[in-house]
Amino acid sequence: MNSTSNIHNLLQEIAFKGAILEKPNNGDARRELLAAARSLCYKLETPIESLLRICWAEVSYLSLPTEDKETSSPHC
Numbered sequence: 000m001n002s003t004s005n006i007h008n009l010l011q012e013i014a015f016k017g018a019i020l021e022k023p024n025n026g027d028a029r030r031e032l033l034a035a036a037r038s039l040c041y042k043l044e045t046p047i048e049s050l051l052r053i054c055w056a057e058v059s060y061l062s063l064p065t066e067d068k069e070t071s072s073p074h075c
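Numbers 0 to 75, taken from numbering that gives the first Met the number 0, label the letters of the sequence shown in order.
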């Protein structure tokens with residue numbers, strides 16, 4: 000498991016960004032909340048979970064077809 004020293008701060012950030020999401024004119028609040036939630040998941044996952052995410056889930060996501068083939072790079 001990754002270091003858990005920052006989990007409390009991430010939970011507070013998620014709560015704060017979740018509250019902003021409920022307000023009108025929130026701009027990029029959804030993307031920021033999603034990024035904070037992903038950071039929390041990355042902090043909590045075990046090394047084998049990290050490996051599975053990197054080798055299976057992210058590679059599968061990157062190989063999906065996109066609308067704009069000229070600007071996308073599915074094979075990083």
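Each residue gets a CB set at the ideal place from its N, CA and C atoms; glycine is no exception.
Assigned secondary structure, residue i (DSSP; H/G/I helix, E/B strand, else coil)
| i | result |
| --- | --- |
| Ala18 | helix |
| Asn25 | coil |
| Asn5 | coil |
| Glu44 | coil |
| Ser38 | helix |
| Ser49 | helix |
Counted within 10 angstroms of its Cβ, other Cβ atoms place residue i as buried (16 or more) or exposed
| i | result |
| --- | --- |
| Lys16 | buried |
| Ala34 | exposed |
| Leu32 | buried |
Close beta carbons around residue i, own chain, < 7 Å, minus the five adjacent residues each side
| i | result |
| --- | --- |
| Ser38 | Leu9 |
Beta-carbon contacts of residue i that lie in its chain and below 8 Å, excluding the five residues immediately before and after
| i | result |
| --- | --- |
| Ala6 | First, the amino acid is wrong: residue 6 is Ile here, not Ala. If we look at Ile6 and ignore the five residues flanking it on each side, its Cβ neighbours are Leu39, Lys42, Leu43. |
| Leu20 | Ala28, Arg29, Leu32 |
Cutoff 6 Å; reference residue i; Cβ partners in own chain excluding five residues on either side
| i | result |
| --- | --- |
| Glu12 | Ala35 |
| query | Okay, do the region 42–56 and the region 16–25 touch, 3+ Cβ pairs below 8 Å being the bar? | reply | When C-beta atoms of the region 42–56 are compared with those of the region 16–25, fewer than three pairs fall below 8 Å, so the two segments do not count as touching.
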